[in-house]
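The next block holds one structure in the form of structure tokens; read it before the comments.
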Amino acid sequence: MSYSQVLSVGLSDSLIDDPSFQDPNPPQPGVPMNPSTQYTTPTHGAYTSSAQGPPPPIPGNRPPPIPGNRPGVPTAPAAPMPVPQHILNNHTADAPFIPIPVHAASGHASAQSTNADNILLTIVYNGLVVPNPRAPPPPYGNLKVQGYNPLVDAETIMNACKGFGTDEAALIKTLTKIVPLKMDALADFYVSKYGQRLVDHIDKKTRSWFGMGLHGLVTGPLAWDVELLHEAVDGVGTDEDLLTELIIDRSSDDLYRLSVEYKYKYGSDLSVKIRDDLSGQTEKLYLIALNARRPTESTPIDYTLVDKDILDLFNAGQGKRGRNEFLGSVGGYGAKYRSLTKVIKSEFTGHMRASLLFAVEGVKPKRDQRGIWRDAKMIDKAMVGFGTRDKQLVYRIVRAQWDRERFVAIKEAYHRRTGKTLESRVKSETSGDYQKLMLALIKGD
């Protein structure tokens, strides 16, 4: 394993479009496909039309690539590809629908699951099992998640939003207890029952930081990260802090999903947006991180490469601020000497320094090497000094609480670091329904 495993920031080869990929019927959002068209999958992986029978079941663990999404989409780990959306839209399964199995206590799924056609209903994103955005909805009368009937929650939310006022307490009590898989099932049910999307209804009836928090909960981990990415690079200026937390220290698979979903939702390549918004070394840093080809966590460490990286760092980094080579050897140096933060602070400034420190602090051996101490520090930074950085506090709390086990560790690290509980600190920095929402997420009960 080289520096890219330790730091999760590494150099990658140029991405070259596969000339064999030719989709005769590329998906067009909002345009229905011809229901008579069926598909088969040749050995080279391109989809071609066929008039013979229903499509065969195709397993997979990632969304399909979208034609035209080159250059700029990170190379995904080698894995089978699921049926693209335009095929799913045309396919009607004869076999009964199989709801997503979840643990009765936590409501979380422990692994990816498929329906009767072997089409993935869930995927793994940021360490969580989440709904596959390319999976078809369940047939009428079938539960999408095992043991969860969204009727009661849907009626509670509708009643809370009726009329001129809003029952914020009911929304907090209901939405903070629903895990992403069930929230996805609730959203499907809500639009089918009431004729409007759940997230649109919530956005209409809430506002400010309270509304932002509920919006994130309803949208879910992957879709909200895509929206936050767009906020970071859209319009005048770039939110480098937000961009760092969404791109740096992420797995190749997560970055692939982000890029594909960004392209699908906004119609543009994420790499192109970054190039348009940034320049110089900062632009290169984010593009390197976004397009890096990283080994999995289970890949054994290659100490020969580590030693080479350390030498490269010594020769190119110290005293030579801004050198590109420095970026390619930080991980090896940190793994060897465990004092890389001091080197970064002395060699870099601004967003470049902040991004590199974010990556290194996620793997520091004297901490937990899982980014827990770093994430506790990031939550605290949203509240230190004069005034509260409410946007940062909201997205950091909401994104952290989806992984409940990890969030418990973050809260413990926060207490060790500051001598205060996260609950008491947030309570002193917020007020009103915004405060009640944040405290409900922190308590997790």
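So the sequence shown is numbered by this note's numbering: it starts at 439 and just counts up by one.
Backbone N, C-alpha and C fix where the C-beta goes; we use that ideal spot for every residue, glycine too.
Just so it is clear, the structure is predicted and the values come from calculations on it, not from any experiment.
So, using beta-carbon positions, are residue i and residue j closer together than 9 Å?
i, j, result
"Leu559", "Trp840", "no"
"Lys874", "Ile610", "yes"
"Ile835", "Met876", "yes"
"Leu684", "Leu660", "no"
"Ile712", "Phe796", "no"
"Arg863", "Ile810", "no"
"Asn564", "Asp677", "no"
"Thr614", "Ala598", "no"
"Thr644", "Thr594", "no"
"Met790", "Leu723", "yes"
"Thr868", "Thr826", "yes"
"Asp707", "Val671", "no"
"Asp813", "Ala838", "yes"
"Ala623", "Tyr578", "no"
"Pro574", "Ile561", "no"
"Val832", "Gly673", "no"
"Leu581", "Lys631", "no"
"Glu669", "Pro571", "no"
"Lys802", "Thr787", "no"
"Lys703", "Glu665", "yes"
"Lys815", "Gln830", "no"
Compute the beta-carbon to beta-carbon distance between residue i and residue j, rounded to the nearest angstrom, for a pair I have assumed lies under 8 Å.
i, j, result
"Arg842", "Gly882", "6 Å"
"Ala792", "Thr682", "6 Å"
"Ser646", "Tyr872", "7 Å"
"Pro618", "Val583", "The Cβ separation is near 10 Å, so there is no contact."
"Val629", "Thr657", "The Cβ separation is near 14 Å, so there is no contact."
"Asp591", "Ile616", "7 Å"
"Leu728", "Leu693", "6 Å"
"Val798", "Ile782", "7 Å"
"Ile880", "Glu850", "Wrong, their Cβ atoms sit about 12 Å apart, outside the cutoff."
"Ala730", "Ser690", "7 Å"
Quick check on DSSP: helix, strand or coil for residue i?
i, result
"Ile561", "strand"
"Gln476", "Any answer about Gln476 is weak, because its pLDDT of 33 lies below 50 and its placement is not dependable; what the coordinates show is given next. Here Gln476 sits in strand by DSSP."
"Pro569", "strand"
"Phe840", "Just to set this straight, residue 840 is Trp in the shown sequence, not Phe. Coil, per DSSP."
"Leu445", "Only weak support is given to the placement of Leu445: the predicted model assigns it a pLDDT of 38, under 50, and the question is left unresolved by the model."
"Gly882", "coil"
"Phe602", "coil"
"Phe764", "Confidence in Phe764 is poor, its pLDDT being 37 and thus under 50, which makes the residue's placement too unreliable to answer from."
"Phe824", "coil"
"Arg635", "coil"
"Asn527", "With a pLDDT of only 37 at Asn527, under the threshold of 50, the placement of this residue in the model should not be trusted, and no figure is reported."
"Gln873", "helix"
"Gln830", "helix"
"Thr644", "coil"
"Thr856", "helix"
"Thr384", "Residue 384 is absent from the structure shown; the chain starts at 439 and stops at 883."
"Gly675", "coil"
"Glu867", "helix"
How is the alpha helix (DSSP H) around residue i delimited, first residue to last?
i, result
"Leu589", "589-598"
"Leu581", "Neither: Leu581 is in no alpha helix (DSSP H) and is coded neither H nor E."
"Phe627", "618-632"
"Gly718", "718-729"
"Ala670", "659-671"
"Thr682", "678-685"
"Val798", "788-799"
"Asp818", "810-819"
"Asp885", "Residue 885 falls outside the range modelled here, since the chain spans only 439 to 883, and no answer is possible."
"Lys802", "Element bounds for Lys802: n/a, residue is neither H nor E."
"Thr779", "778-785"
"Val710", "708-715"
Would you say residue i reaches chain E, if we count a Cβ-Cβ gap shorter than 9 Å as a contact?
i, result
"Leu609", "Structure shown: chain E not included; a single protein chain is present."
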